[in-house]
Amino acid sequence: MNFCVALGGNPNAGKTTLFNALTGSRQHVGNYPGVTVDRKEGRYVQNGHEMRIVDLPGTYSLTAYSVEEVVARDFLINECPRVTVNIVDASSLERNLYLTIQFLELGIPTCVALNMIDVARGRGITIDDKKLSRLLGVPVIPIMARSGYGKKDLMAAVETVAQVPRPQPLRVSYGRDLETAIQEMEKVIAGGNFLTDLYPLRWIAIKYLENDAQILEKGREKDAQIADRLETITRKVGAHIEETLETYPEAMIADHRYGFISSMLKQGVVKERHDENRLFLSDRIDKVLVNRFAGPIIMLLLLMGLYQFVFTYSEVPVAWCEGLFAWVSDLVSNRLPDGLLKSLVVSGVIDGVGGVLGFVPMILFMFFGIAVLEDSGYLARVAFMLDRVFQIFGLHGSSVMAYIVSGGIAGGCAVPGVMATRTLRSPKERIATLLTAPFMNCGAKLPVFALLIAAFFPHSRAGMMFVLTLISWGGALLAAKLLRMTVVKGASTPFVMELPPYRLPTLRGLMIHTWERTWQYVKKAGTVILGISVLLWAAMTFPRLPPSQIEAYDTLRGGIISTATPQVIEELETATKAKLLSDAATELKAAVLAADARRAGAALSHSLAGRIGIQVETISRWAGFDWRTNIALLGGFAAKEVIVSTLGTAYSLGSVDTEAAESLSARLVVEPGWRALTAWSLMIFTMFYAPCFVTVVCIARESSWKWGLFSMVFNTSLAFFLAVMVYQVGTALGY
Amino acid sequence: MKRVNIRNMRVDQKGTVTSVKVGGELGRRIRDMGLVPGTKIRIQGRAPLYDPVALRVKGFTLTLRNNEADLIEVEVNG
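The following block contains the structure:
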């Protein structure tokens with residue numbers, strides 16, 4: 000028999016650990032349709048039965064308030080898993096059973112996995128699982144997901160549940176007022192066969208009383224007349240309850256569910272030996288880690304440590320990657336004849352693939368670092384400590400992760416930064432963080448700043464970098480506030496959150512977690528990034544110079560070479576790096592390179608990108624940018640550090656090394672139209688304008704293409720506005 | 000016996016929830032986590048900037064912003 004088993008439970012109840020223990024590395028990660036909630040699937044084989052195991056998102060309830068809850072509920076209804084394993088944390092049984100009750104009310108075949116019985120026992124809690132099983136009417140199996148204890152028993156129970164008919168939905172009594180309303184509604188629902196093909200009768204009535212947005216909407220679509228009648232009953236009983244008891248039907252339902260659970264537990268299911276006020280190890284750790292004074296200092300050190308880990312230790316594998324691609328690039332360059340094909344393969348494809356894979360080590364390290372903080376429970380403390388600050392700007396305490404990784408400490412990268420927003424469970428705050436994290440000063444913006452600082456502020460390098468860091472933080476936070484007041488406005492998502500006990504992460508969990516997320520990046524973002532890389536290459540290459548001009552440049556180059564003596568030409572052709580060239584040869588080489596650079600400059604200004612750059616010069620003048628800067632900024636969409644090399648080409652300086660751009664900075668100082676104010680304007684623009692397309696693709700993958708495009712338009716408009724302000728106000732003040 | 004809201008409670012002070020005066024998503028989240036009338040709570044600590052607050056309830060630790068804690072009324076001794 001083949002059947003589907005869903006795995007549901009509270010966040011932090013050990014659901015993922017159990018999933019990993021059951022499926023090992025044979026898992027498949029995807030998305031639920033239309034939302035960015037991971038859907039993990041794996042296989043488990045037992046006695047010839049093949050079970051497809053689906054990991055549902057962790058939820059505390061089955062309402063329709065969060066994406067996770069809707070996803071979990073829809074999966075249980077629409078895909079009808081044969082058995083649902085409800086994993087329950089034995090050390091906080093009461094709250095965990097709240098979800099169990101809702102599973103049972105939905106009438107789905109359930110099997111309870113009582114996890115972390117060792118932790119509960121350590122806290123002096125003993126649970127009579129047989130009694131609990133009898134009271135709930137479903138199997139309850141004690142397990143320890145971390146060690147795999149009880150796994151076999153659990154799966155045997157799953158097999159048994161799979162072979163018996165579906166159970167009757169559980170009935171919790173909700174008190175006289177509500178029960179009368181429910182009975183009345185049940186009659187209406189049964190009479191019209193209203194949604195009964197999907198949900199149990201009583202459940203529909205309860206959801207109407209709970210004002211469940213999804214069910215109300217579905218009801219309206221199905222039969223507006225019946226929906227009206229049900230809503231009238233709901234309003235009537237709601238008004239009555241508010242008047243007599245000063246509460247809401249949904250509150251009464253929750254109270255009764257908890258009442259049902261506590262009366263069940265009081266029948267001898269749970270025995271607590273210890274004093275309830277005893278401090279557990281976790282609480283003692285918290286006395287230090289969230290201490291008023293020590294807490295923030297330790298947090299700062301840990302975040303710096305994470306940053307160091309992600310960006311310093313990943314340098315080695317990043318260098319391997321770069322080395323590999325440089326080698327492939329050289330190989331292809333030497334094999335292919337000069338021309339379009341070579342240019343496409345080298346500049347379009349290899350650089351594109353290199354661009355995709357170059358990020359992999361960083362992403363891998365970032366996910367590993369964050370997985371450690373997340374799985375250990377520390378990330379929740381970071382959110383707890385910083386929430387007061389971020390709340391002011393309409394963000395969430397957890398937003399800090401994305402900011403820091405993106406370059407909150409100058410030199411990060413927005414690609415892993417954007418992906419770090421996954422730890423945020425509040426949708427609005429998440430979008431605002433996603434859109435503003437790229438304002439941070441990532442490693443690719445630093446060469447641009449270095450170039451301009453070297454040219455115009457040579458005596459205050461450190462001070463300038465500090466000021467730029469402050470500007471990016473201020474800009475990001477204020478922009479987030481602006482977004483939260485306009486496009487993602489609305490009340491903040493409640494901070495009601497569990498502070499999970501500290502736990503030692505398991506290596507296996509960390510590995511699986513890190514690997515699957517990194518692989519997702521390669522698979523999903525990779526192809527798009529490659530495509531855009533080729534498009535950008537085309538925009539900077541086509542249309543090509545007309546043949547007459549190419550000929551003119553060729554003649555010019557030929558003319559230079561023909562003036563030289565054959566010995567000098569031969570010397571150049573056989574030259575190696577180790578040998579010093581004679582004066583005449585050096586001169587010839589410089590002349591030829593200058594001619595090539597002029598040609599490259601002309602070709603760039605003739606290309607589509609060049610034409611756009613020239614076209615928008617009239618507008619970009621307001622910010623002090625000439626057409627060359629415009630082209631460079633267009634190139635910067637590929638990666639911000641490309642601004643430096645493209646600027647070099649546009650100024651006909653030949654290939655400029657991004658790490659050592661002395662020639663370019665010297666040129667900018669003497670170039671008319673360039674002054675300190677222009678540099679300021681360009682630095683501000685570079686900081687805030689459209690993120691590089693790899694980041695845009697990641698933003699789109701983490702939310703939707705709508706937000707990906709929005710980030711390009713919004714950021715560029717904001718950056719242009721700021722740059723114009725800087726330039727115009729500065730000019731007016733006489734700078 | 001007097002009634003206060005959670006914002007005004009001291010660290011380590013204990014009490015029993017008497018009412019949660021909010022509906023909608025926030026009310027739902029609060030109730031989902033087990034903060035229903037009759038539940039015993041203890042203030043576990045506060046963040047460095049005094050907000051949010053952490054409480055111990057039903058064997059686990061829960062965090063709330065102060066403006067959310069305002070809506071929960073608790074009966075305390077003395």
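From first to last, the protein sequence lines stand for chains A and B. So in numbering that gives the first Met the number 0 the end of the first sequence lands on 734, straight run, no missing numbers. So in numbering that gives the first Met the number 0 the end of the second sequence lands on 77, straight run, no missing numbers. Cβ coordinates follow ideal geometry from the N, Cα and C atoms, glycine included.
Suppose you measure from the CA of lysine 130 of chain A to the CA of valine 268 of chain A; what does that come to, to the nearest Å?
6 Å
To be precise: take each residue of the segment 35–55 of chain B, compare its Cβ to all Cβ atoms of chain A, and keep it if any distance is under 9 Å. Which residues remain?
Val35, Pro36, Gly37, Thr38, Lys39, Arg41, Gln43, Gly44, Arg45, Ala46, Pro47, Leu48, Tyr49, Asp50, Pro51, Ala53, Arg55
Can you name, in chain order, every residue of its own chain whose Cβ lies under 8 Å from the Cβ of asparagine 4 of chain B, other than the five neighbours on each side?
Ala68, Asp69, Leu70, Ile71, Glu72, Val73
Using 9 Å as the limit for Cβ to Cβ distance, is aspartate 227 of chain A near chain B?
no
On the DSSP letters alone, give me the boundaries of the beta strand (DSSP E) that alanine 426 of chain A sits inside.
With the sequence shown as reference, residue 426 of chain A is identified as proline, and alanine is not the correct amino acid for it. No beta strand (DSSP E) holds proline 426 of chain A; the alpha helix (DSSP H) holding it covers 426–435.
If you compare alpha carbons, which of A:Val160, A:Leu17, A:Gly147, A:Met303 is closest to glycine 136 of chain A?
A:Val160
Phenylalanine 391 of chain A, DSSP secondary structure in three states:
Strictly speaking, residue 391 of chain A in this sequence is isoleucine, with phenylalanine absent from that position. It is helical.
Using a beta-carbon distance below 9 Å, is threonine 15 of chain B in contact with chain A?
no
Over the uninterrupted beta strand (DSSP E) stretch that includes histidine 48 of chain A, give me the two end residues.
48–54
Assuming arginine 122 of chain A and serine 90 of chain A form a contact by the criterion Cβ under 8 Å, report the distance between their Cβ atoms to the nearest whole angstrom.
6 Å
Does the beta carbon of tyrosine 64 of chain A sit closer than 9 Å to a beta carbon anywhere in chain B?
yes
Cβ-based neighbour list, leucine 580 of chain A, same chain, cut-off 8 Å, excluding 5 preceding and 5 following
Glu570, Leu571, Ala574, Lys588
Output, in chain order, the set of chain B residues within a Cβ distance shorter than 9 Å of aspartate 285 of chain A.
Gln43, Gly44, Ala53, Thr60
From the DSSP secondary-structure annotation, give me the bridge partner or partners of serine 18 of chain B.
B:Glu72
Tell me, please, whether the segment 34–54 of chain B touches the segment 68–88 of chain A by the rule of three or more beta-carbon pairs shorter than 8 Å.
no
Quick one: which chain A residues come within Cβ less than 7 Å of glutamate 24 of chain B?
Tyr64, Pro493
Helix, strand or coil at phenylalanine 766 of chain A according to DSSP, with G and I counted as helix:
For residue 766 of chain A there is no data in the structure shown, the boundaries of chain A being 0 and 734.
With distances taken between CB atoms, is the gap from threonine 648 of chain A to leucine 603 of chain A smaller than 9 Å?
yes
Straight-line CA distance for isoleucine 124 of chain A to valine 56 of chain B?
15 Å
So if DSSP puts asparagine 4 of chain B in a beta bridge, which residue, or which two residues, is it bridged to?
B:Glu72
Buried or exposed: where does phenylalanine 366 of chain A fall if 16 or more other Cβ atoms within 10 Å of its Cβ makes it buried?
buried
Tell whether a beta-carbon distance below 9 Å holds between alanine 722 of chain A and phenylalanine 684 of chain A.
yes
Taking the C-alpha atoms as reference points, what is the distance between glycine 729 of chain A and glutamate 314 of chain A?
39 Å
Contacts that glycine 294 of chain A makes with chain B (C-beta to C-beta distance below 7 Å):
Pro47
Coil, strand or helix - glutamate 738 of chain A by DSSP
Residue 738 of chain A falls outside the range modelled here, since chain A spans only 0 to 734, and no answer is possible.
Hey, which unbroken runs of the beta strand (DSSP E) at 3 residues or more fall wholly within the segment 137–205 of chain A?
139–141
By alpha-carbon positions, which one of A:Phe292, A:Arg283, A:Gly368 ends up nearest to tyrosine 808 of chain A?
Since the first and last residues shown for chain A are 0 and 734, residue 808 of chain A lies out of range.
Reference isoleucine 349 of chain A; option with closest CA among A:Val139, A:Thr645, A:Phe438, A:Leu323:
A:Leu323
Please classify lysine 186 of chain A as buried or exposed, where buried requires at least 16 neighbouring CB atoms within 10 angstroms.
exposed
How far does the beta strand (DSSP E) with threonine 645 of chain A in it reach, from first residue to last?
Where threonine 645 of chain A is concerned, there is no enclosing beta strand (DSSP E), although the alpha helix (DSSP H) it sits in stretches over 641–649.
Are any of the Cβ atoms in chain B nearer than 9 Å to that of glutamate 245 of chain A?
yes
Measure the beta-carbon distance from arginine 256 of chain A to tyrosine 97 of chain A and round it to whole angstroms, keeping in mind my assumption that it falls under 8 Å.
6 Å
Entirely enclosed beta strand (DSSP E) segments - the segment 25–54 of chain B, minimum 3 residues:
39–45
Partners in chain B for tyrosine 97 of chain A, counting only beta-carbon separations shorter than 8 Å
Asp31, Gly33
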